[in-house]
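J.: Quick one: the structure is below, and I'll ask about it shortly.
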Amino acid sequence: MSTQTITVPASSSSSTLFLPNLGLSHSKHPQLEDGPVEPSPQELLDRTLYALQKAEIALIEWGTLLHNRMGVPTILKHHHFLVPDDDLLAASRIASEEGLPLSSPPQILVDTHGDFFTKGHLHRLTSSTSPALAQYLILFPFSFASYTPSELEPRPRFTSLAFPLCKTVLVPQRPAVYASILRAMTAYPRWSPTRMTLESHLSELIGYNLYDLADGYVDIDDEELCQSQEVDQRVAEAVQVVKEWACAGQWRQGEEWIGDALVSVVSGAVGLPV
């Protein structure tokens, strides 16, 4: 083995250390191993959505993504999309082929959110499987949200990527979002986890999207705060918006009750429908 000499200066004499030649670089920067860079969850998602669109599978924005678009500042962890019922299995297979493993929903999420995790196909976007860290692309059957094609419109997709492959998705119109939630609420028992999640979604959307409150909520017992936030005016304007939806024929035939129920909830006349 060859040796490398390192001289350590001293005030009166010098000493010499003999060390094995370990092949140390004389560069002032350490040598780094070259290797592939793992794609980010956003890149994996974009690649998968693009593959689904190439397969001519319609993608409808839903869940947290849709609520963010409507002004609810929810932390974006999972990415929810609706696909036609007949294409759900094919879409799930494509997601797996793109490197997103199909995963079972964590029991804690099933217990707290019900069908929002049992009805979907969860494809993991992260290497971590921990419920606290894992992120998923969740594909749901179109029928779960009960939209019609006429209630959807193409819109630019929200993404942090500068040059996404998947640029547009279908997005439900505002009245259809509220109608879908109220319609679904009637299908679940009052205290079921799915029903309670739907109630939470409706409350957030009314607070942020219809009332346009910065925090989505205001203590109605705090008169001074209500006055400063102009709560009465916000409520009146929100009620007027919902009534205009009815005048514009936004509710389906036989579902006029949805408009009446939404007006009652938004105005504060009644609580959420049982």
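With the numbering used here applied, the sequence shown corresponds to residues 22 to 295, in that order.
Quick reminder that beta carbons are idealized off the backbone N, C-alpha and C, glycines included.
Rounded to whole angstroms, what is the Cα-Cα separation between Trp272 and Pro185?
T.: As a working note, residue 272 is residue 251 in the sequence shown. As a working note, residue 185 is residue 164 in the sequence shown. Their backbone Cα atoms lie some 35 Å apart in a straight line.
J.: Any idea which residues DSSP pairs Tyr157 with across the strands?
T.: The residue labelled residue 157 in the question sits at position 136 within the sequence shown. According to DSSP, which records beta bridges pairwise, Tyr157 is partnered with Arg145.
J.: Is it right to say Cys268 is buried, meaning 16 or more other beta carbons lie within 10 angstroms of its own, or is it exposed?
T.: Counted from its first residue, the sequence shown places residue 268 at position 247. Exposed, since its Cβ has fewer than 16 Cβ neighbours within 10 Å.
J.: Would Asp233 and Arg255 be called neighbours here (beta carbons separated by less than 8 Å)?
T.: On the sequence shown, position 212 is the one that residue 233 refers to. On the sequence shown, position 234 is the one that residue 255 refers to. Yes, these two residues count as a Cβ contact at 8 Å.
J.: For my contact list, Val93 and Glu225 are in at a C-beta cut-off of 8 Å; report their separation, rounded to the angstrom.
T.: Taking the sequence shown and counting its residues from 1, the one referred to as residue 93 is at position 72. Taking the sequence shown and counting its residues from 1, the one referred to as residue 225 is at position 204. At roughly 5 Å, the Cβ-Cβ gap stays under 8 Å, so Val93 and Glu225 are in contact.
J.: Residues bridged to Thr189 by DSSP?
T.: Translated into the one-based positions of the sequence shown, residue 189 becomes position 168. Note: Thr189 sits in a beta bridge opposite Pro177.
J.: How is the alpha helix (DSSP H) around Phe137 delimited, first residue to last?
T.: Looking up residue 137 in the sequence shown gives position 116. Its alpha helix (DSSP H) spans residues Asp136 to Thr139.
J.: Report the option in Val190, Trp83 and Gln274 whose CA atom is closest to the CA atom of Leu70.
T.: Counted from its first residue, the sequence shown places residue 70 at position 49. The shortest Cα separation from Leu70 among Val190, Trp83 and Gln274 belongs to Val190.
J.: Report buried or exposed for Trp83, applying the criterion of at least 16 other Cβ atoms within 10 angstroms of its Cβ.
T.: Counting from one through the sequence shown, the residue named residue 83 turns up at place 62. With 16 or more Cβ atoms within 10 Å of its Cβ, Trp83 is classed as buried.
J.: Take Gln63 as the anchor and find which of His100, Thr95 and Glu77 has the nearest alpha-carbon.
T.: In the sequence shown, counting from the first residue as 1, residue 63 sits at position 42. Ranking His100, Thr95 and Glu77 by Cα distance to Gln63 puts His100 first.
J.: CB-CB under 8 Å to Arg204, same chain, minus the five flanking residues each way: which ones, in chain order?
T.: To locate residue 204, count along the sequence shown from 1; it is residue 183. Excluding sequence neighbours, Arg204 sits near Ser167, Glu276 and Ile279.
J.: Out of Ala259, Leu73, Leu158 and Tyr209, which has the shortest C-alpha to C-alpha gap to Thr85?
T.: For the purposes of this step, residue 85 is identified with residue 64 of the sequence shown, where counting begins at 1. Of the candidates Ala259, Leu73, Leu158 and Tyr209, the one whose C-alpha sits nearest the C-alpha of Thr85 is Leu158.
J.: Name the two residues that bound the continuous beta strand (DSSP E) containing Ile96.
T.: The count along the sequence shown starts at 1 and reaches residue 96 at position 75. Per DSSP, Ile96 belongs to no beta strand (DSSP E) and is neither H nor E.
J.: Would you mind stating whether Ala111 and Ile81 have Cβ atoms separated by less than 8 Å?
T.: The residue labelled residue 111 in the question sits at position 90 within the sequence shown. The residue labelled residue 81 in the question sits at position 60 within the sequence shown. Their beta carbons are not under 8 Å apart, which means Ala111 does not touch Ile81 by this criterion.
J.: Go through its chain and collect everything with a Cβ distance to Glu119's Cβ below 8 Å, but skip five positions before and after it.
T.: Along the sequence shown, read from residue 1 onward, the residue named residue 119 stands at position 98. These residues qualify, in order along the chain: Leu65, Arg68, Thr69 and Ala72.
J.: Under three-state DSSP, which class holds Ile78?
T.: Residue mapping note: residue 78 aligns to position 57 of the sequence shown, counting from 1. Correct three-state label for Ile78: coil.
J.: Mind checking which residues open and close the alpha helix (DSSP H) that includes Ser61?
T.: To locate residue 61, count along the sequence shown from 1; it is residue 40. Run containing Ser61: none; DSSP gives neither H nor E here.
J.: When we look at the beta-carbon of Trp266 and count the other beta-carbons within 10 Å, is it buried (16 or more) or exposed?
T.: As a first step, residue 266 is located in the sequence shown; it is residue number 245 there, counting from the start. Per the 10 Å Cβ criterion, buried.
J.: Inspect the beta-carbon positions of Pro214 and Gly141 and report whether they are closer than 8 Å.
T.: Position 193 of the sequence shown, counting from 1, holds the residue named residue 214. Position 120 of the sequence shown, counting from 1, holds the residue named residue 141. No, the Cβ-Cβ distance between Pro214 and Gly141 is not below 8 Å.
J.: Here's the rule: buried if 16 or more other CB atoms are within 10 angstroms of the residue's CB, otherwise exposed. What is Glu172?
T.: Looking up residue 172 in the sequence shown gives position 151. Flag for Glu172 reads buried.
J.: Among the residues of its own chain, which have a CB less than 7 Å from the CB of Thr95, if the five just before and after it don't count?
T.: Walking along the sequence shown from the start, residue 95 turns up at place 74. Here the set comprises Thr85, His88 and Asn89.
J.: For Gln156 and Ala208, I'd like the C-alpha separation in whole angstroms.
T.: Here residue 156 is taken as the residue at index 135 of the sequence shown, counted from 1. Here residue 208 is taken as the residue at index 187 of the sequence shown, counted from 1. Those two C-alpha atoms are separated by around 28 Å.
J.: With burial defined as no fewer than 16 other Cβ atoms inside 10 Å of the residue's Cβ, what is the status of Thr218: buried or exposed?
T.: Against the sequence shown, residue 218 aligns to sequence position 197. Per the 10 Å Cβ criterion, buried.
J.: Does Gly228 pass the burial test, meaning 16 or more other C-beta atoms within 10 Å, or should it be called exposed?
T.: The residue labelled residue 228 in the question sits at position 207 within the sequence shown. Buried is the call here.
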